[in-house]
Amino acid sequence: MNIHLYKHDLPDELDLGTSIAIDTETMGLNLGRDRLCLVQISAGDGQAHLVQIAAEMQPCPNLKALLADKEVEKLFHFARFDLAMLKHHIGPVNGAVFCTKIASKLCRTYTDRHSLSELCRELLGQEISKQQQSSDWGAEELTQAQQKYAAGDVLYLHQLRDKLGAMLTRADRLAMAQACFAFLATRTDLDMAGFETLDIFHH
Ligand code: MN
């Protein structure tokens, strides 16, 4: 694993290809209250790029352009939260989305365990640490343990996308999953508009 840590923005001339894994770390899970602290990105090549976002947010044109790029596919685990955080704090996220949590729920119907660590363990035989999950991501200097944890959340999403994609195809639910991914931007807008806990499809 190779970790690159940056302040405020990705460096110029960093080419991450056409499919990137993204995760975010925040001060908490409340969209309106908690700020974005860290954006992690990987091209699936074992390298993790960590961008620290300061409390007094500074412009991040490279990160913003990458998120907005329609030609770059974005992989997430629980995209609903990350998309809302990124849109609210950085800018619109364009391009195809793949959410490993939604994919897992649609094809791994034999279990109710859909956490990233569970998927890594079962599908990849890979253990990832969850110990730093609730640490202080707003700290000015992130510890080695925090950086390693944050990187672990993006390093395996490409492999999981491949495994889950095959399982969705086997279950004949790939098109359904893709329709769900396409709806995520609207689901996120609903969250931001106050419909977070209301199921508008329910009777
Ligand atoms: Mn994470």
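All letters in the sequence shown, in the order written, are residues 0 to 202 by numbering that gives the first Met the number 0. Beta carbons: idealized from backbone N, C-alpha and C, even for Gly.
Checklist entry - Helix or strand or just coil, what does DSSP make of Glu121? => result helix
Next on the checklist: For a test of your reading of the model: does the CB of Asp152 fall under 6 Å from any non-hydrogen atom of the ligand MN? Yes or no.
Outcome noted: yes
Item to check | C-alpha distance - Ser41 paired with Gly193, whole-angstrom precision | outcome: 32 Å
Item to check | Per-residue burial, His76 [other beta carbons within 10 Å of its own, 16 or more giving buried] | outcome: buried
Next on the checklist: List, from N- to C-terminal side, the alpha helix (DSSP H) runs of 4 residues or more that fit wholly inside the segment 73-130.
Outcome noted: 78-88, 99-106, 115-118
Item to check | Burial state of Asp213, where buried means 16 or more other Cβ atoms lie within 10 Å | outcome: There is no way to answer for residue 213, as the model of the chain reaches only from 0 to 202.
Item to check | Straight-line Cα distance separating Ile199 from Thr152 | outcome: Reading off the sequence, residue 152 comes out as Asp, not Thr. If I take the Cα positions, the gap works out to 31 Å.
Checklist entry - Comparing alpha-carbon positions, which option in Leu65, Leu122, Ala176, Ala181 lies nearest Tyr155? => result Leu122
Checklist entry - Which residues in the same chain have their Cβ closer than 6 Å to the Cβ of Ala170, if we skip the five residues on either side of it in sequence? => result Cys106
Next on the checklist: Report the CB separation of Leu82 from Ala184 in whole angstroms; it is logged as a contact under 8 Å.
Outcome noted: 7 Å
Next on the checklist: Per the DSSP calculation, Lys6 is bridged to which residue(s)?
Outcome noted: Gln51
Checklist entry - According to the neighbour-count rule (16 or more other Cβ atoms, all chains shown, within 10 Å of its Cβ), is Ser133 buried or exposed? => result exposed
Next on the checklist: Does Asp44 pass the burial test, meaning 16 or more other C-beta atoms within 10 Å, or should it be called exposed?
Outcome noted: exposed
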